[in-house]
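Enquirer: What follows is a single structure, and I will ask about it in a moment.
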Amino acid sequence: MLLPALALAATPAVGVQYAPLAARFVGDLTDDVALAHSVQLKLMYIDGEDWPLRAYLAIDTFWTSATHRGGRFDYPRGAEVDVLGFLFIPHLCWRPELPLTACAGLGQGTVNVNAARDRRDWGTWNYQLQVDLALGEYASAFVLGKAVGQVEQETDGQPAAFSILMLGGGLGGHF
Numbered sequence: 003m004l005l006p007a008l009a010l011a012a013t014p015a016v017g018v019q020y021a022p023l024a025a026r027f028v029g030d031l032t033d034d035v036a037l038a039h040s041v042q043l044k045l046m047y048i049d050g051e052d053w054p055l056r057a058y059l060a061i062d063t064f065w066t067s068a069t070h071r072g073g074r075f076d077y078p079r080g081a082e083v084d085v086l087g088f089l090f091i092p093h094l095c096w097r098p099e100l101p102l103t104a105c106a107g108l109g110q111g112t113v114n115v116n117a118a119r120d121r122r123d124w125g126t127w128n129y130q131l132q133v134d135l136a137l138g139e140y141a142s143a144f145v146l147g148k149a150v151g152q153v154e155q156e157t158d159g160q161p162a163a164f165s166i167l168m169l170g171g172g173l174g175g176h177f
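Take 3 as the starting number for the sequence shown in the working numbering and just add one per residue.
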């Protein structure tokens with residue numbers, strides 16, 4: 003056999019992390035960079051016993067705001083909109099024999115865009131890359147890049163689309 007068998011072990015761990023992020027909208031919303039916030043709950047950890055692998059499910063909530071600049075949404079030009087996302091992101095991580103862990107995730111979720119008395123929900127794919135640096139047994143600092151891509155919904159027969167690119171970092175802990 004060319005590859006050794008991958009033995010997996012469930013690790014009873016729950017993690018939580020917070021990150022302030024710089025968010026850049028591509029599409030029908032503002033071109034300006036906005037402050038975003040991301041809170042993740044990490045569940046269902048699985049560790050590789052023989053290989054330096056880890057997997058977990060992240061339930062991510064992010065929020066930010068933007069200015070509508072016209073286009074395919076029928077919000078008034080200049081309307082302030084709040085953007086709220088709920089994402090489910092399975093992650094696969096590589097853990098070398100260093101205090102670093104690198105994780106990549108691909109998930110789905112919902113993005114809500116709320117203007118005055120006008121709420122809309124969109125389905126989306128999302129991608130996440132993260133590098134953690136262990137600060138101790140239960141804490142870590144991390145750098146996070148996230149792309150919430152092609153948020154779409156047909157509105158009055160016209161497709162409206164935008165993407166959000168986010169970059170930042172923060173602190174996390176696991177128990």
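Note that CB positions come from ideal geometry on N, CA and C, so glycine has one too.
Short of 6 angstroms in beta carbon distance, which residues of its chain neighbour residue 147, apart from the five on each side in sequence? Order them along the chain.
Expert: 131 and 169, listed in sequence order.
Enquirer: For the pair the stretch 53–71 and the stretch 87–105, tell me if three or more CB-CB distances fall below 8 angstroms.
Expert: By the Cβ criterion, the stretch 53–71 is in contact with the stretch 87–105, since at least three pairs of Cβ atoms, one from each stretch, lie closer than 8 angstroms.
Enquirer: Restricting to Cα atoms, I'd like to know which of 27, 38, 107 and 114 is closest to residue 172.
Expert: 38
Enquirer: Per DSSP, which residues does residue 129 bridge with? Please list them.
Expert: Answer is 108 and 149, bridged to residue 129.
Enquirer: Considering only the beta carbon of each residue, do residue 133 and residue 102 sit closer than 9 angstroms?
Expert: For residue 133 and residue 102, yes; Cβs fall inside 9 angstroms.
Enquirer: Assuming contact is defined by CB atoms lying nearer than 9 angstroms, are residue 85 and residue 65 in contact in what I supplied?
Expert: yes
Enquirer: Could you tell me whether the stretch 106–119 touches the stretch 139–146, where touching means 3 or more Cβ pairs closer than 8 angstroms?
Expert: no
Enquirer: Out of 149, 175 and 140, which has the shortest C-alpha to C-alpha gap to residue 128?
Expert: 149
Enquirer: According to DSSP, is residue 34 helix, strand or coil?
Expert: coil
Enquirer: Pull up the distance between the alpha-carbon of residue 2 and that of residue 140, whole angstroms please.
Expert: Here the chain comprises residues numbered 3 to 177, so residue 2 is not present and cannot be evaluated.
Enquirer: Can you name, in chain order, every residue of its own chain whose Cβ lies under 7 angstroms from the Cβ of residue 175, other than the five neighbours on each side?
Expert: 17, 18, 140 and 141
Enquirer: Alpha carbon to alpha carbon, how far is residue 22 from residue 165?
Expert: The C-alpha of residue 22 lies about 18 angstroms from the C-alpha of residue 165.
Enquirer: Going by CA-CA distance only, name the one from 67, 55, 70 and 43 that's closest to residue 99.
Expert: 55
Enquirer: Alpha carbons only, please: which of 43, 112 and 117 is nearest the one belonging to residue 70?
Expert: Checking every option, the nearest Cα to that of residue 70 belongs to 117.
Enquirer: Between which two residues does the beta strand (DSSP E) containing residue 92 stretch?
Expert: That run of the beta strand (DSSP E) goes 82–96.
Enquirer: Need the endpoints of the beta strand (DSSP E) that residue 58 sits in, please.
Expert: 55–69
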